[in-house]
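The opening position of the sequence shown corresponds to residue 842 in the numbering used here, with each subsequent residue numbered one higher. Beta carbons are placed, not taken as given, at the ideal position from N, Cα and C, and that holds for glycine. Nothing here was measured: the structure is a model prediction, and the numbers come from that model.
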Amino acid sequence: MSATGASSGEITATLLWNSRGDLDLVVRCPSGRQMDFRNPAECGGSLDVDANIARGQLTDRPVENAFWPAGKAEPGNYEILVRYVPRKDEERPQDTPFQVRLSRGGQESVYKGTVRPNTLVPITAFTVQR
C-alpha cells in the first residue's frame with residue numbers, strides 16, 4: 842500500500858475497489874463515534890487515504906485506509922463498514938464490488954462484498970482489549 846501513501850499500524854483496515862465510484866471506509870468506534878472522511882482521526886486511529894473524492898483526482902484502482910499505531914486504539918468493540926454515496930458528477934452509479942483487508946497483530950483477514958449506491962454495508966467487527 843505504500844504506493845498509495847497508506848500507513849500501517851498495529852491495526853490496519855484497507856478498502857480496495859476497481860471503479861471511479863467514491864466508496865468510503867467507515868469505522869464505528871467503541872465510543873459510538875465514527876471515523877470516516879468527515880472525521881478522519883477518531884478512537885486513536887487515522888483515516889489517511891481517501892480516494893475518488895473529486896473529479897480531477899479519480900483513479901480506477903482506488904484505496905481507502907485507516908490505521909492505529911501500536912497501543913493507541915481505544916479498547917472496546919469496533920465495526921468496519923463500506924458506504925457508497927455517488928458523487929454528483931457520477932453519471933450512472935452502479936453496484937460496486939470491493940475488498941476490505943483487516944490486519945491485526947500480523948494476521949490479515951480479507952472480506953469481499955458488493956455495495957449498492959446510497960447504502961452502507963456492515964463488513965466485520967473486532968474487539969480491542971488492553
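Inter-residue Cα distance where the pair is residue i and residue j
{"i": "E851", "j": "G886", "result": "10 Å"}
{"i": "L920", "j": "R879", "result": "Here residue 920 is Glu; the residue named in the question, Leu, does not match the sequence. One C-alpha to the other measures close to 17 Å."}
{"i": "V969", "j": "R902", "result": "30 Å"}
{"i": "S848", "j": "F908", "result": "7 Å"}
{"i": "R971", "j": "V926", "result": "35 Å"}
{"i": "L899", "j": "A966", "result": "29 Å"}
{"i": "G917", "j": "T853", "result": "16 Å"}
{"i": "V951", "j": "S860", "result": "19 Å"}
{"i": "A882", "j": "L888", "result": "6 Å"}
Beta strand (DSSP E) segment containing residue i, residue limits
{"i": "V969", "result": "T960 to V969"}
{"i": "L943", "result": "T937 to R945"}
{"i": "S860", "result": "Where S860 is concerned, there is no enclosing beta strand (DSSP E), given that its DSSP letter is neither H nor E."}
{"i": "Q948", "result": "Q948 to V956"}
{"i": "N906", "result": "V904 to W909"}
Sequence-distant residues of the same chain with beta carbon closer than 7 Å to residue i, five excluded per side
{"i": "E931", "result": "G862"}
{"i": "S872", "result": "C884 and E915"}
{"i": "V890", "result": "T845, G846, A847, V904, E905 and N906"}
Cut-off 6 Å between Cβ atoms - residues of its own chain near residue i, not counting five sequence neighbours on either side
{"i": "L857", "result": "V904 and Q940"}
{"i": "P963", "result": "L922"}
{"i": "S843", "result": "The predicted position of S843 is uncertain, since its pLDDT is 48 and thus under 50; a value taken from the coordinates is nonetheless stated next. Nothing listed; no residue qualifies."}
{"i": "S944", "result": "T853"}
{"i": "T955", "result": "D936 and P938"}
Residues near residue i by beta carbon distance below 8 Å, same chain, minus five either side
{"i": "V867", "result": "Q875, M876, D877, I921, L922, V923, R924 and L961"}
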